[in-house]
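Going by our numbering, the sequence shown opens with residue -11, and the numbers climb by one from there.
For every residue, glycine included, the Cβ atom is placed at its ideal position computed from N, Cα and C.
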Amino acid sequence: MAQKLTLALAGNPNSGKTTLFNTLTGSRQQVGNYPGITVDKREAIIDHQKNSLHIVDLPGIYSLTTYSQEELVARNFLVEDKPQAVIDVLDASNLERNLYLTVQFMELGIPVLVVLNMMDEVAKRGITINTAKLAKLLGNPVVETVARSGKGKEHLLDEAVRLANLRQDQAWQPLVISYGPDLDPVVDQMVSVIQEHDFLTHSYPPRWVAIKYLEEDEEIIRLGREENDDVAQELEDMYAAVNSHCQKTLDTHPEALIAD
Ligand code: GDP
Ligand code: MG
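Quick look at the structure:
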């Protein structure tokens, strides 16, 4: 049966998202705006294997923390529009740096297709990437592309459709990462509070909300106060306590521990 699937193209700036978007969608694009930001919103609907794919080119971002308008817009699109999958475009010649964002998508739990773009650059520089091993380590499908020439684009669409259909009606499956002995117990306590009150869980996974509190994410703090001021205060107090503990004993902030 024909399915309409929404796929979000996301990744660091200059990883090749727009080039890939153009190769995938040709001239069928529409250009609009994201609310409150000057970045163009490019989207298109294409057919692939009897599926109708709604592809959206998100602004380039380095993380899902709301330090910038771009990050806020990209994150809100993911949690509000709930695309069936993220097509995470990486500059494969800068793999390690680009994987930081990939892990953030995985923590959110949204299905992720990892696209190793710029494979021509990788070859030119004599770098070898064990794609199968990377896929196994991440537990996500990984495909290789050269967006400029269109190489790998059919395989990318096949894998994106397969992933989106596979996870179609399932809840997101957030990856659980340990943040070490100083933060893990606090994360668990926060998760209990969040679950008990269904606090922001209509849009976000509980553990993810807890981590955003530890990162002092402005948007989550704002939404939290709107949703339930008492619970928000309790979480902010928990953050304040662990923050002062981290500063006294480790001379650092929780945010820095998480990024590490
Ligand atoms: P975006 O910021 O993620 O949208 O990236 P763009 O699509 O604007 O691409 C950034 C630059 O990388 C442009 O100069 C592209 O022509 C180039 N580029 C994109 N894909 C590839 C690729 O696969 N190989 C090479 N060598 N360059 C690419
Ligand atoms: Mg772009």
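Are residue i and residue j touching if we call contact CB-CB under 8 Å?
i                : j              : result
valine 219       : histidine 185  : yes
tyrosine 167     : isoleucine 246 : yes
serine 51        : glutamine -9   : no
isoleucine 117   : leucine 104    : yes
serine 81        : valine 110     : yes
leucine -3       : valine 44      : yes
leucine 182      : proline 173    : Sequence inspection shows isoleucine at residue 182; the leucine mentioned does not correspond to that position. Not in contact: isoleucine 182 and proline 173 (Cβ atoms no closer than 8 Å).
proline 71       : leucine 151    : no
asparagine 128   : serine 3       : no
glycine 20       : glutamine 57   : no
phenylalanine 65 : leucine 89     : no
leucine 126      : leucine 171    : no
leucine 60       : glutamate 207  : yes
leucine 12       : isoleucine 34  : yes
leucine 188      : glutamate 224  : no
leucine -7       : valine 149     : yes
lysine 5         : glycine 14     : no
tryptophan 196   : proline 162    : yes
Kindly give me the distance between the Cβ atoms of residue i and residue j, rounded to whole angstroms, as I take these residues to be in contact under 8 Å.
i              : j             : result
valine 251     : valine 102    : A question about residue 251 goes unanswered here, because the residues of the chain that appear run from -11 up to 248.
valine 175     : alanine 198   : 5 Å
alanine 62     : isoleucine 49 : 5 Å
glutamate 132  : methionine 94 : That pair is no contact at about 20 Å.
histidine 36   : leucine 154   : That belief does not hold up - the Cβ atoms of histidine 36 and leucine 154 are roughly 15 Å apart, past 8 Å.
serine 191     : glutamate 84  : With a Cβ gap of about 30 Å, serine 191 and glutamate 84 do not count as contacting.
threonine 54   : aspartate 248 : 20 Å between Cβ atoms; not a contact.
methionine 226 : glutamine 156 : Actually they do not touch by this definition, with Cβ atoms about 36 Å apart.
Closer than 7 Å to a non-hydrogen atom of the ligand FAD - does that hold for the CB of residue i?
i          : result
glycine -1 : Among the ligands modelled here, namely the ligand GDP and the ligand MG, the ligand FAD does not occur.
I'd like the span of the alpha helix (DSSP H) that includes residue i, first residue to last.
i             : result
alanine -4    : Here alanine -4 belongs to no alpha helix (DSSP H); instead the beta strand (DSSP E) covers -8 to -1.
aspartate 218 : 217 to 238
asparagine 2  : Run containing asparagine 2: none; DSSP gives neither H nor E here.
alanine 247   : 242 to 247
Kindly say whether residue i, judged by its beta-carbon, lies nearer than 8 Å to any beta-carbon of chain D.
i              : result
isoleucine 165 : You won't find chain D in this structure, because it holds only one protein chain.
Could you give the residue range of the beta strand (DSSP E) that holds residue i?
i              : result
glutamate 31   : 28 to 36
asparagine 105 : 100 to 105
isoleucine 43  : 39 to 45
asparagine 21  : 17 to 21
valine 131     : 130 to 132
Discussion item. Could you tell me which whole alpha helix (DSSP H) segments of length 4 or greater appear in the region 142 to 205?
Written reply: 172 to 184, 194 to 202
Worksheet item: At what residue ranges does the region 65 to 126 contain a whole run of the beta strand (DSSP E), taking only runs of 3 or more?
Response: 73 to 79, 100 to 105
Worksheet item: Around the ligand MG, which residues pass a check of Cβ closer than 6 Å to any of its heavy atoms?
Response: Lys5, Thr6, Gly48
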